[in-house]
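Remarks on the structure that follows.
Protein chains: 2
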Amino acid sequence: MANIREIAKLAGVSVSTVSRVLNNHPYVNEKKRAEILKIIEEQNYVQNSNAVHLSTGKTMVIGVTLPLVNNQYYSSIIEGIAAEAVQHHYKLMVCQTNNNPEQERSVLHLLKNKKIDGLIMCSRSSSCETLNEYAGYGPIITCEANDTTSVSSVHIDHYQTFLIGMEYLMKKGHRRIGYCIGRKNSFNSQHRKRAYYEKLRSIDVTPSAEWSFEECLTIQDGKDVVGKLLQTEERPTAMIVSCNHIAAGIIKEASRLGISVPEDLAVVGCDDQPIGELLEITTVSSSSTLMGKYAFEMLHKRIWTQQLVGKKEEKELSPVLVERLTT
Amino acid sequence: MANIREIAKLAGVSVSTVSRVLNNHPYVNEKKRAEILKIIEEQNYVQNSNAVHLSTGKTMVIGVTLPLVNNQYYSSIIEGIAAEAVQHHYKLMVCQTNNNPEQERSVLHLLKNKKIDGLIMCSRSSSCETLNEYAGYGPIITCEANDTTSVSSVHIDHYQTFLIGMEYLMKKGHRRIGYCIGRKNSFNSQHRKRAYYEKLRSIDVTPSAEWSFEECLTIQDGKDVVGKLLQTEERPTAMIVSCNHIAAGIIKEASRLGISVPEDLAVVGCDDQPIGELLEITTVSSSSTLMGKYAFEMLHKRIWTQQLVGKKEEKELSPVLVERLTT
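Heads up: the sequence lines are chains B and S, in that order. Heads up, the first sequence is in the numbering used here, so the first residue is 1 and it goes up one at a time. Heads up, the second sequence is in the numbering used here, so the first residue is 1 and it goes up one at a time.
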């Protein structure tokens, strides 16, 4: 079996050109690419991960940070990343950070130390200063909008998502609307809350503090919301919820406690998780899997195009309302 | 800020002893461990992943293979692995293999090339020969039973799981029982089918080929099962299903087509996924998260105890019946 040097010799090109073809580098002359692929096939060449490493200086590993591993939203981003990564012979180093900036920094260190070729941060706790600092070492993409000068992002428009959900509920006649989000101070949460308060203000409703539920991450957290709703002085007639798993917990517990959905409590979720369809939850949907796919594409381009490192690019996904039975 | 060498000097121990403490190596004298931790705290020492690497020869990365990333069963195994890994300062390299033995081999190569300290295979397509070959290079744990001589496993007793489900359905009076599983020829599937056929034989029922559904991996696959059930000559009155996501698809589509669950079709799922509770699916439950936790513990012990490499150990998790509304 031929090695990469023999393939290069037979094709009359450099080892790094063969390597670029093997790694689906976007910028190789198409005719040359076809010639090289033909020789690779004739020689029955099987790529050895170490050979790639030596000839390109790449690790063929990208890092992915996420706060917790077993969460449908993050799993579906990773699904999108992984499907693309396999195509391009990349492996993923998945790092659970528990939203701890120190843990995030240890992953950013991997980029600095060239243990990974690039990094996708599904969510982040690090400051913009820290991100800018590390962006000089290699490409970083965040899956939420960020205020840095040099870190690119692919993100869902969470402001628009909550806006659509609020307008829809208001059109249905709701005025006492509560919200339910994950991390209190994340970039995404700030955008969601801005839409929430703007919309309520537009109909002269002053939201009660009792209508806001933050740090909701699990189905159980959703269930707990219902218990708390029962103790409010003026119970909301509708809830807008950042994630369909939390919405599922709310609906389930409401049913157990005899609160009718949507008659007593309307619920709008905000993602495209399968649980939304299974439980017929009205949702403002964006594809987190697609976001992961785009994030990998953007990262891959930057890994192989040195000039793009540190040049900010932003891609925003727009949400769509899917009306079902919970409103 | 002190480095690892200064910590070692202050504690009067070797660098590798400090490193063992930092990495929660199980076999360090407790008194010495306490002394070293005190100095680490006093010196405000922050671990640098590269320093660990240099002083111990470890990468502090473990590999995890799984066929596809966005699948609740595998996500929940990884949740268990990741929670333990974070405690022990390990990072995960998660590799999606699409059940392709070549892709698995490229991950096994990472073990051979010391790019990872150990490997957990959530499912596997490689032969026992291949696994035995690579087990010499470092610890491997499979999350399904295996017939190798040297690869350890932590696994759910899938034979027992299907046995419990079948006995329960038979006690309810069902005789025409179908099954629904994932990969046709996986080790787990073989055990499930053995229990299925044994139990039907015990009541002199010859199962129809139309009652068996294999390669079911998504909710949509579950929905498709119902369409096919409608075309059978003798429709089963009950289904035993290897995973609650597939069961959810079946229940959902049955409801859409006017087939009453459980009256026209009883459904038993076989895992502990939240969707089971949300849709009130009767299930034979085992904790895949716990399996992941045990797999990491077993692997970690083997990474740090050279004598255990290649010595087979097996840990089996027993399932429990949880009766809900679909039977």
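All C-beta atoms, glycine included, are put in the ideal place defined by N, C-alpha and C.
Validate contact between the stretch 145-165 of chain B and the stretch 307-316 of chain B using beta carbons, cut 8 Å, 3 pairs: yes
Against Glu79 of chain B, what residues of chain S qualify as contacts under a CB-to-CB distance less than 9 Å, listed in chain order? Leu68, Val69, Asn70, Asn71, Gln96
Here's a check: name, in chain order, each residue in its chain whose Cβ is nearer than 7 Å to the Cβ of Ser189 of chain S, leaving out the five neighbours to either side. Ile181, Gly182, Arg183
When you check each C-beta in the stretch 118-129 of chain B against every C-beta of chain S, which residues fall closer than 7 Å? none
Rounded to the nearest angstrom, what separates Val21 of chain B and Phe296 of chain B at their Cα positions? 18 Å
In chain order, what residues of the same chain have a beta carbon less than 7 Å from the beta carbon of Glu167 of chain S, not counting five sequence neighbours either side? Lys199
With DSSP collapsed to three states, give me the class of Met239 of chain S. strand
Quick check on the burial criterion: 16 or more other C-beta atoms within 10 angstroms. Buried or exposed for Thr17 of chain B? buried
Give the interface partners of Lys228 of chain B over in chain S, defined as CB-CB distance under 7 Å, in chain order. Per Cβ cutoff of 7 Å: no residues; Lys228 of chain B is ~20 Å from chain S at best.
Contacts of Lys252 of chain B in chain S (Cβ-Cβ under 9 Å): Glu277, Leu278
Do you know offhand how far Ile7 of chain S's Cα is from Val13 of chain S's? 9 Å
For Val268 of chain S and chain B, any beta-carbon pair shorter than 8 Å? no
Tell me which residues share the same chain as Glu335 of chain S and place their Cβ nearer than 8 Å to its Cβ, disregarding the 5 neighbours each side in the sequence. Residue coverage of chain S in this structure runs from 1 to 327, which leaves residue 335 of chain S outside it and unanswerable.
Taking Cβ-Cβ distances shorter than 9 Å, what residues in chain S pair up with Met93 of chain B? Val61, Lys91, Leu92, Met93, Val94
Closer than 8 Å, CB to CB, is Ala248 of chain B near chain S or not? yes
For Glu316 of chain S, the three-state DSSP class (helix, strand or coil): strand
Where in the stretch 190-263 of chain B do unbroken runs of the alpha helix (DSSP H), each at least 4 residues long, occur, reported from the N-terminal end onward? 219-230, 244-256
Bridge partners for His155 of chain B per DSSP, in chain order? B:Glu316
According to DSSP, simplified to helix, strand and coil, what is Ile275 of chain S? helix
Using CA coordinates, which residue listed in B:Met298, B:Lys115, B:Pro236, B:Glu102 is at the minimum distance from Thr130 of chain B? B:Glu102
Mind listing the chain S neighbours of Ser82 of chain B? Cutoff is C-beta to C-beta under 7 Å, in chain order. Per the sequence shown, the amino acid found at residue 82 of chain B is Ala instead of Ser. Correct list: Val69, Gln96.
Which of the three DSSP states, helix, strand or coil, is assigned to Gly269 of chain B? strand
Beta-carbon of Ile219 of chain B versus every beta-carbon of chain S: anything under 8 Å? yes
With DSSP as the reference, please indicate the residues paired to Leu10 of chain S in a beta bridge. In DSSP, Leu10 of chain S forms no bridge with anything.
Per-residue DSSP class, three states only, for Ile4 of chain S: helix
Compare the C-beta of Ser260 of chain S with all C-beta atoms of chain B and state if any pair is closer than 8 Å. no
Asn70 of chain S vs Glu41 of chain B beta-carbon contact at 8 Å: no
Going by beta-carbon coordinates alone, are Ile156 of chain S and Ser76 of chain S separated by less than 8 Å? no
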